[in-house]
Amino acid sequence: MEFDFAKVSAADRYKLMGSSITPRPIAWVTTVSGSGARNAAPYSFFNMMGADPPLVALGMMRRPDGSYKDSAANILETREFVVHLVSETDSAAMNFTCIDAPAEFDELTAAGLPTLPSSAVAVPRIASAPVAMECRLHEAVEAGSTTIAIGKVLRFHIDDAFIDPERLHVDTLGMNLVARVHGAGWYARTTDLFQMTRPTFEQWAATAGEEDRDMATPPR
133 MEFDFAKVSA ADRYKLMGSS ITPRPIAWVT TVSGSGARNA APYSFFNMMG
183 ADPPLVALGM MRRPDGSYKD SAANILETRE FVVHLVSETD SAAMNFTCID
233 APAEFDELTA AGLPTLPSSA VAVPRIASAP VAMECRLHEA VEAGSTTIAI
283 GKVLRFHIDD AFIDPERLHV DTLGMNLVAR VHGAGWYART TDLFQMTRPT
333 FEQWAATAGE EDRDMATPPR
């Protein structure tokens with residue numbers, strides 16, 4: 133079935149895309165307003181964009197009236213935020229911070245989440261998160277009802293239990309991260325995995341038949 137997105141409502145585009153583009157990593161974002169109000173909220177329109185410079189991107193939709201949600205408003209005001217990854221142990225607390233509370237409501241305190249001071253930004257870190265990335269706003273892109281915040285990672289924190297400090301080998305499975313999938317409130321665990329080796333052209337050329345090579349080479 134084909135959909136012309138120019139003729140599909142925003143709500144239906146969200147439904148189709150959000151239920152198909154899965155699993156999505158969750159950015160558990162902490163921010164602080166210019167007046168000092170703390171905020172925490174999860175965002176699944178999130179990913180790493182590169183390592184040189186180290187960039188992450190958040191897609192943050194506005195409220196129905198067009199106003200910024202607290203995370204976006206704080207990031208645009210202070211240009212600082214911390215992105216945490218979410219373990220299954222923290223999943224209930226993360227879900228609580230989805231609450232539609234007023235700006236002055238402190239989700240971290242209400243969820244009973246201990247915090248730690250950050251090194252390079254004024255925004256606190258969630259102590260229980262296996263990974264925390266202190267970010268400064270690199271660029272904000274306004275696209276319709278979405279604000280795309282591109283953050284430069286200034287400090288990267290990972291729990292000592294999940295890192296070999298000499299080889300920088302990360303125990304990814306040990307972190308028990310959760311990801312967002314379809315519909316209202318569905319999440320996935322990172323437990324059912326399989327591995328494939330990335331091919332090289334040299335290996336393929338050495339094993340492919342002449343007919344395969346001819347078919348893969350466009351005519352001049």
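The numbering used here puts the first residue of the sequence shown at 133, with every later residue one more than the last. Beta carbons: idealized from backbone N, C-alpha and C, even for Gly. Here the structure is a predicted model, which means the values were calculated and not measured.
Put residue i into one of helix, strand or coil per three-state DSSP.
i: E266; result: strand
i: I258; result: strand
i: M81; result: Absent from the structure is residue 81, since the part of the chain shown begins at 133 and ends at 352.
i: M328; result: coil
Can you list, in chain order, the residues of its chain whose CB lies under 7 Å from that of residue i, leaving out five sequence neighbours each side?
i: L248; result: P256, R257 and A259
i: P155; result: A311, R312, V313 and A320
i: E209; result: S165 and G166
i: M193; result: S277 and T278
By the 10 Å Cβ neighbour count, where 16 or more other Cβ atoms means buried, how is residue i classified, buried or exposed?
i: W160; result: buried
i: N206; result: buried
i: T441; result: The displayed coordinates of the chain run from 133 to 352. Any statement about residue 441 would go beyond what the structure contains.
i: P174; result: buried
i: D222; result: buried
i: S176; result: buried
i: F288; result: exposed
i: H216; result: buried
Following the continuous beta strand (DSSP E) through residue i, name the residue where it begins and the one where it ends.
i: Y175; result: R170 to Y175
i: F178; result: F178 to A183
i: W160; result: A159 to V164
i: L286; result: T278 to I290
Can you give me the start and stop residues for the alpha helix (DSSP H) that residue i sits inside?
i: L208; result: D202 to T210
i: L148; result: A142 to S152
Below 6 Å CB to CB, which residues in the same chain sit around residue i once its five sequence neighbours on both sides are set aside?
i: D291; result: P262
i: S151; result: H314
Once the 5 residues before and after residue i are set aside, which same chain residues still bring their CB inside 8 Å of it?
i: R268; result: R211, E212, A252, V253, G283, K284 and L286
Is the segment 265-273 touching the segment 172-191 in the sense that three or more CB pairs, one from each, lie closer than 8 Å? Inter-segment contact for the segment 172-191 and the segment 265-273 is present: three or more beta-carbon pairs are separated by less than 8 Å.
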